[in-house]
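Residue numbers (our numbering): 2 to 124.
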Amino acid sequence: MRTLSALALFALSVAPVMAGPTTSEGRISVAQVMEMMQRAPRDAGARNTALAYIAGVGEAAGFMISHATAKGAAPSKCTGKLSLSEDSLLAALSAAAPDTASWAETPATPIILADLFARAGCS
Numbered sequence: 002m003r004t005l006s007a008l009a010l011f012a013l014s015v016a017p018v019m020a021g022p023t024t025s026e027g028r029i030s031v032a033q034v035m036e037m038m039q040r041a042p043r044d045a046g047a048r049n050t051a052l053a054y055i056a057g058v059g060e061a062a063g064f065m066i067s068h069a070t071a072k073g074a075a076p077s078k079c080t081g082k083l084s085l086s087e088d089s090l091l092a093a094l095s096a097a098a099p100d101t102a103s104w105a106e107t108p109a110t111p112i113i114l115a116d117l118f119a120r121a122g123c124s
């Protein structure tokens, strides 16, 4: 019972991480990602959310390659390693969506994946 009470108190003390809205199609927006990345250094919840998102995008990239190969598609040839970092993510989003007014309606994940494959020299 004591453990349950401690867990309940902990759950109440953790503030939810709120980010901007998704795109009108329900996709993760550039605005959301940028907000999480800006808040991450000082907000543990935002940092955890940002890390989970980055890990998910990286995992999606690996899945895309393995799924295509399993379906008989020619394996993607990459001249370098697939790598994703906070800096590369922010640079890709800033380059692809330089107008901050468009961030709320610009899906972030396709931009990041395209940049990830381009930087690895995948064809």
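Here a beta-carbon is modelled for each residue, glycine too, at the ideal position from N, C-alpha and C. Computed from a prediction, not measured in an experiment: that's the story for all the values here.
Cβ-based burial, residue i [other Cβ within 10 Å; buried from 16]
i: S30; result: buried
i: P17; result: Residue placement at P17 is flagged as unreliable, the pLDDT there being 44, under the threshold of 50; a coordinate-derived value is accordingly withheld.
i: A51; result: buried
i: A93; result: buried
i: A119; result: exposed
i: A102; result: exposed
i: A115; result: exposed
i: A96; result: exposed
i: A98; result: buried
Residues sharing a beta bridge with residue i, DSSP
i: P108; result: S30
Beta-carbon separation (whole angstroms), residue i vs residue j, contact threshold 8 Å
i: E87; j: M38; result: 6 Å
i: A1; j: L83; result: Here the chain covers residues 2 to 124 and nothing more, so residue 1 does not appear.
Decide yes or no for the touch test of the segment 101-119 against the segment 61-70: beta carbon pairs closer than 8 Å, at least 3 of them. Yes, since at least three Cβ pairs between the segment 101-119 and the segment 61-70 fall closer than 8 Å, the two stretches touch.
Whole alpha helix (DSSP H) elements within the segment 71-97, 4-residue minimum: Taking only runs of at least 4 residues, the alpha helix (DSSP H) segments lying wholly in the segment 71-97 are 87-97.
Just checking, does the segment 41-55 make contact with the segment 67-76 on the three C-beta pairs under 8 Å criterion? No: fewer than three Cβ pairs fall under 8 Å.
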